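Undergrad:
Protein chains in written order, with UniProt numbering: chain A, 1 to 311; chain B, 1 to 393; chain C, 1 to 103; chain D, 1 to 192.
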């Protein structure tokens, strides 16, 4: 069915207000949109890795989740939900569950790229019918903005601080989306909530209703960690996409498809400038670091275009 | 009609699991428990069970998947040993605290380092305060029986806690011995249907589990959990009495062997208890009043009952197959001695660490312990409180 | 175990006997009963005349506090709106004012 | 009360000494005995010397330790005589059976001055002729049972036949060969 923005607004909300995420946090925006892609009649079991989203959305006795929800630890949302999915398969086979249930895991980049990576890889390989959604805010925000393997190069975090000798994080961001695609699972996509949310909604719908494991990597800005003015979140997401820092694409049964190609690819300064975590790059002596960042983004973009048959 | 069979401990436990027919089993191979999921996956492959078998990529994920499955209302089981149990550590506490009645076979093996695949109780003893109910077992028969009973204890409304059924790696797990098995129907009826109060799969009543507790509630949840494990003692007694009716085998919270008139006694868990019974018989033939108390339910610890059972003895040696590194005795010793304080004060209590990393212990090794106890009983003096059996000095 | 309480009965006065075991919360979406409106220092205010009902602001709210109305526009749930201002920025028609929230 | 009999097996990893001990346990279990069958486990792989044990009794067996003073010893691989002290702790009232074409007298020479019974059987020849492959454990089982006389011969063969039918349910063609190998070993074992 073609995407109808206004119709999606009529679907019931499955993630409520009253959670304790920061004002202007990107994660709940991602969660709301992903869950909106569920058919209203379908029940969902949601697993959540320890992280900002978890501690803020499930403070006893107040749960922001209208579906069934489970948190157990930091590194194992994928394993936890795979157990629930196995229970469903078994009980359904035995005729004890008459209705369809969907399985979705949410983790931040810490719980996904790093500590939860093994459990994620295992669950994907085993082929559970589930979606793993990484809301990627590019650092361990819950514990106070420490670097993760998703943190971009040069970002200033509390464990990769920009100092007089070392200009922030020294390593490039891990390309998890491609790593997940290499698992050979039926559906992998990189997305972001932007404009009329079509991209994220449609990818969520495909991920949820594709039989077998699916992975979504979704950019989720963090005003505290990235140090930008809270209200500009949506603009910042657009800049990430238009600079090709965060390209939108999907990998369907192994085939790469580009979801969006900016008409005018913007320079990375547009992305770096509004964010306090990159402030040190704008000192005159660090110009070459911005050039390096640009060269890296260009190469990655080029590689992606080739993979997508766009070049 | 009971079925006379000969099975290894692992075969017996896998057999029990087939009869229990859990909804989900998630497990990862580790010596010496590997055979349990291995045998069980064959039952799955042959369509003999309804179970969804999840061959996870680690023990941490095994316990995580068990948590997800049990939370989803599935009767869930697993098995592990040693490092596997250690890797599960974080999730053991979470399983217990989320009040999920998972039943696990823990085939006891030493912990690294140095790496060692043989038997001692370091693994399970390390998990003794994780909130799991722990039942230790001497033989394949006892392990089989306990596993079936564990389902009932775990899922009981007054308990709602996971249970760990422990037995010795290789000695019990890989040794083929006689066993009496129950018929499938009998086990099926005994364990009954699993009807959890809350389930993630209950569409009509969606729930959130694994919530974040602020200080206003965490303490209350722990108090509630403490009550649940306290309840497990009476529930186990009831379940064991019921089990005796279908099996003819009556179990207690612990087993007393020639203890009622004993002057000297040892307290011991798992397979070496059998060896020690032979020692007791040998000593009894020599007119020495030796006795034995075999640990069965270790968590919750039946402190009052054990203190009472030992109160008339002159000298007791508590045998630990784990070095607790407290420098004040092994884990069973600490609990037994603490239980006896104020209740059996006249009794001299010493500790022996034995059998670490598969160090074999025979009838005559145990006799040395009784000889030591006899000396203490005769003199009324404890020379050494902490002792090592069979170590090269 | 005692009967399950209502979410509003789960408070700091009740006994350990009366809370749900293991911290299970059988109150799906119960967070709605918890208000976060008092976190706000700035308040988004809809300028009805300028609002075209495009709804572009609605999905961007981290607090599910923009509610589409029957007349095709939106209204605010100020019990939960934390005043982040994302909706203000995203509105193509300048139909949302952002004012200091002094009550 | 029946006396408990303890048997120790010496073989090499991959040769089936462990399987033989389990087969023996099973066969005697089928005759109504209480049994134990357990190998000594280590990280060693195929080829390494391996020990396995049996206990057999008319009463429940409670002891759970290794066997240090066996009544009988079975040596599945003759070459072990050079490297392993196969008669260590072996009771003089018992005996030892070795897989070899040599005579008991020749073998006794390798066994220090062991005074008990010594038996030899050419399990290699028997298994190759009857099974077409080198599987020494079934002939060795036959030989040790002939020496111990733990159960009546016909009863033992019948019990083993049952085990084979169970074990080789998917390849019944090997059952007859195994039964022949077992019977031949029981006949051909030389004991002095």
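Every residue, glycine too, gets a C-beta built ideally from N, C-alpha and C. Quick caveat: nothing in here was measured; it's all calculated off a predicted structure.
Under 8 Å Cβ-Cβ, which residues of chain B neighbour residue 12 of chain C?
TA: Here residue 12 of chain C corresponds to residue number 12 of the third chain, with the count starting at 1. Under the 8 Å cutoff, chain B gives 216.
Undergrad: Flag residue 65 of chain C as yes if its beta-carbon sits less than 8 Å from any beta-carbon of chain A, otherwise no.
TA: Residue numbering aside, residue 65 of chain C sits at position 65 when the third chain is read from its first letter. With 8 Å as the cut-off, residue 65 of chain C counts as an interface residue toward chain A.
Undergrad: Closer than 8 Å, Cβ to any Cβ of chain D: which residues of the region 86 to 98 of chain B, in chain order?
TA: The region 86 to 98 of chain B vs chain D, Cβ under 8 Å: nothing.
Undergrad: So what's residue 303 of chain A in DSSP terms, helix, strand or just coil?
TA: Within the first chain, residue 303 of chain A is the residue found at index 303, counting from 1. In this structure, residue 303 of chain A counts as helix in the three-state DSSP scheme.
Undergrad: With a threshold of 8 Å between beta-carbons, can residue 234 of chain B be considered close to chain C, or not?
TA: Along the second chain, one-based indexing puts residue 234 of chain B at 234. Not closer than 8 Å to any Cβ of chain C, the Cβ of residue 234 of chain B fails to qualify, so no.
Undergrad: For residue 228 of chain A, which residues in chain C fall below 8 Å Cβ to Cβ?
TA: On the first chain, residue 228 of chain A is found 228 positions in, with the first residue counted as 1. Going along chain C, no residue has its Cβ under 8 Å from residue 228 of chain A, so there is no contact; the nearest lies around 11 Å.
Undergrad: Does the region 26 to 42 of chain B come into contact with the region 43 to 53 of chain A, if we say contact requires no fewer than three beta-carbon pairs (one atom in each stretch) closer than 8 Å?
TA: Counting Cβ pairs under 8 Å, fewer than three are found: no touch.
Undergrad: Scan the region 34 to 92 of chain B and note each continuous beta strand (DSSP E) run of 3 residues or more that stays entirely inside, going in chain order.
TA: List check, beta strand (DSSP E) in window: 52 to 55, 76 to 80.
Undergrad: With a threshold of 8 Å between beta carbons, is residue 1 of chain D in contact with chain B?
TA: Walking along the fourth chain from the start, residue 1 of chain D turns up at place 1. Any answer about residue 1 of chain D is weak, because its pLDDT of 36 lies below 50 and its placement is not dependable; what the coordinates show is given next. No - not a single Cβ of chain B is within 8 Å of the one on residue 1 of chain D.
Undergrad: Would you kindly report the start and end of the unbroken alpha helix (DSSP H) that includes residue 127 of chain D?
TA: Within the fourth chain, residue 127 of chain D is the residue found at index 127, counting from 1. That run of the alpha helix (DSSP H) goes 123 to 131.
Undergrad: Any residues in the region 106 to 137 of chain B with a beta carbon nearer than 8 Å to a beta carbon of chain D? Which ones, in chain order?
TA: From the region 106 to 137 of chain B, only 117, 118 have a Cβ closer than 8 Å to chain D.
Undergrad: Measuring alpha carbon to alpha carbon, tell me which residue in A:197, A:244, A:145 is nearest residue 6 of chain A.
TA: Along the first chain, read from residue 1 onward, the residue named residue 6 of chain A stands at position 6. Considering only alpha carbons, the answer is A:197.
Undergrad: Of all the options A:43, A:141, A:115, which has the alpha carbon lying nearest to the alpha carbon of residue 224 of chain A?
TA: Here residue 224 of chain A refers to the residue found at position 224 of the first chain. Closest by alpha carbon: A:141.
Undergrad: Establish whether the CB of residue 43 of chain D and some CB of chain B are separated by less than 8 Å.
TA: Locating residue 43 of chain D in the fourth chain gives position 43, where the first residue counts as 1. It does: the Cβ of residue 43 of chain D has a partner Cβ on chain B nearer than 8 Å.
Undergrad: Look up residue 1 of chain D in the DSSP assignment and say whether it is helix, strand or coil.
TA: Within the fourth chain, residue 1 of chain D is the residue found at index 1, counting from 1. With a pLDDT of 36 at residue 1 of chain D, under the threshold of 50, the modelled position of that residue is not reliable, and no figure is offered here.
Undergrad: Tell me which same chain residues have a C-beta within less than 7 Å of the C-beta of residue 158 of chain A, skipping the five on either side of it?
TA: Looking up residue 158 of chain A in the first chain gives position 158. If we look at residue 158 of chain A and ignore the five residues flanking it on each side, its Cβ neighbours are 144, 145, 146.
Undergrad: Going by beta-carbon coordinates alone, are residue 74 of chain D and residue 126 of chain D separated by less than 8 Å?
TA: Numbered from 1 along the fourth chain, position 74 holds the residue referred to as residue 74 of chain D. Numbered from 1 along the fourth chain, position 126 holds the residue referred to as residue 126 of chain D. Contact flag unset, no.
Undergrad: Is the number of C-beta pairs between the region 280 to 300 of chain B and the region 191 to 204 of chain B that are closer than 8 Å three or more?
TA: No, the region 280 to 300 of chain B is not in contact with the region 191 to 204 of chain B.
Undergrad: Do the region 256 to 264 of chain B and the region 226 to 246 of chain B make contact, defined as three or more Cβ pairs closer than 8 Å?
TA: The region 256 to 264 of chain B, when compared against the region 226 to 246 of chain B, does not touch it at the 8 Å Cβ threshold.
Undergrad: If distances are taken between C-alpha atoms only, which option among B:304, B:305, B:353 comes closest to residue 328 of chain B?
TA: By 1-based counting over the second chain, the position of residue 328 of chain B is 328. Out of B:304, B:305, B:353, B:353 has the C-alpha closest to the C-alpha of residue 328 of chain B.
Undergrad: For a cutoff of 8 Å on Cβ pairs, would you count residue 184 of chain A as touching chain B?
TA: As a position in the first chain, residue 184 of chain A is number 184, starting the count at 1. False, the Cβ-Cβ gap to chain B never drops below 8 Å.
Undergrad: Quick one, which of A:265, A:285, A:214, A:272 has its alpha-carbon nearest residue 252 of chain A's?
TA: To locate residue 252 of chain A, count along the first chain from 1; it is residue 252. Answer by Cα proximity: A:214.
Undergrad: Round the Cβ separation of residue 274 of chain A and residue 232 of chain A to the nearest angstrom and send it over; I've been treating them as touching at under 8 Å.
TA: Looking up residue 274 of chain A in the first chain gives position 274. Looking up residue 232 of chain A in the first chain gives position 232. So it is a contact: roughly 7 Å between Cβ atoms.
Undergrad: Are residue 90 of chain C and residue 234 of chain A close, meaning C-beta to C-beta below 8 Å?
TA: As a first step, residue 90 of chain C must be located in the third chain, where it is residue number 90. As a first step, residue 234 of chain A must be located in the first chain, where it is residue number 234. Yes, the Cβ-Cβ distance between residue 90 of chain C and residue 234 of chain A is below 8 Å.
Undergrad: Which chain B residues are close to residue 24 of chain C, counting only those with a beta carbon under 8 Å from its beta carbon?
TA: Counted from its first residue, the third chain places residue 24 of chain C at position 24. Simply 98, 99, 198, 207, 208, 209, 211.
Undergrad: Rounded to the nearest angstrom, what separates residue 166 of chain D and residue 23 of chain D at their Cα positions?
TA: Your numbering for residue 166 of chain D matches position 166 in the fourth chain. Your numbering for residue 23 of chain D matches position 23 in the fourth chain. Taking the straight line from one Cα to the other gives about 11 Å.
Undergrad: CB residue 37 of chain A to CB residue 172 of chain A, shorter than 8 Å?
TA: To locate residue 37 of chain A, count along the first chain from 1; it is residue 37. To locate residue 172 of chain A, count along the first chain from 1; it is residue 172. Contact: no.
Undergrad: Mind checking if residue 141 of chain A is an interface residue toward chain C, Cβ cutoff 8 Å exclusive?
TA: On the first chain, residue 141 of chain A is found 141 positions in, with the first residue counted as 1. Chain C contact via Cβ: absent.
Undergrad: Any beta carbon from chain B within less than 8 Å of residue 39 of chain A's own beta carbon?
TA: Residue numbering aside, residue 39 of chain A sits at position 39 when the first chain is read from its first letter. No, its Cβ sits nowhere closer than 8 Å to a Cβ of chain B.
Undergrad: Thinking just about the alpha-carbon of each residue, which of B:4, B:363, B:388 is nearest to the one in residue 177 of chain B?
TA: The residue given as residue 177 of chain B occupies position 177 in the second chain. Comparing Cα positions, the closest option is B:4.
Undergrad: Less than 6 Å between C-beta atoms, sequence neighbours within five positions excluded: which residues of the same chain meet that for residue 62 of chain B?
TA: Position 62 of the second chain, counted from the first residue, corresponds to residue 62 of chain B. Cβ within range, chain order: 26, 27, 28, 56, 78.
Undergrad: Can you give me the start and stop residues for the beta strand (DSSP E) that residue 158 of chain A sits inside?
TA: Mapped onto the first chain, residue 158 of chain A falls at position 158. Careful: residue 158 of chain A lies outside any beta strand (DSSP E) and carries neither H nor E.
Undergrad: Would you call the CB atoms of residue 35 of chain D and residue 53 of chain D closer than 8 Å?
TA: Here residue 35 of chain D is taken as the residue at index 35 of the fourth chain, counted from 1. Here residue 53 of chain D is taken as the residue at index 53 of the fourth chain, counted from 1. Contact: no.
Undergrad: When the Cα atoms are used, what is the spatial distance from residue 269 of chain A to residue 242 of chain A?
TA: The residue you call residue 269 of chain A lines up with position 269 of the first chain. The residue you call residue 242 of chain A lines up with position 242 of the first chain. Distance between the alpha carbons of residue 269 of chain A and residue 242 of chain A: 12 Å.
Undergrad: Tell me where the beta strand (DSSP E) around residue 69 of chain A begins and ends.
TA: Taking the first chain and counting its residues from 1, one reaches residue 69 of chain A at position 69. Its beta strand (DSSP E) spans residues 68 to 71.
Undergrad: Ignoring anything shorter than 4 residues, give me the alpha helix (DSSP H) runs that lie fully in the region 6 to 87 of chain D, in order along the chain.
TA: Whole alpha helix (DSSP H) segments, 4+ residues: 17 to 30.
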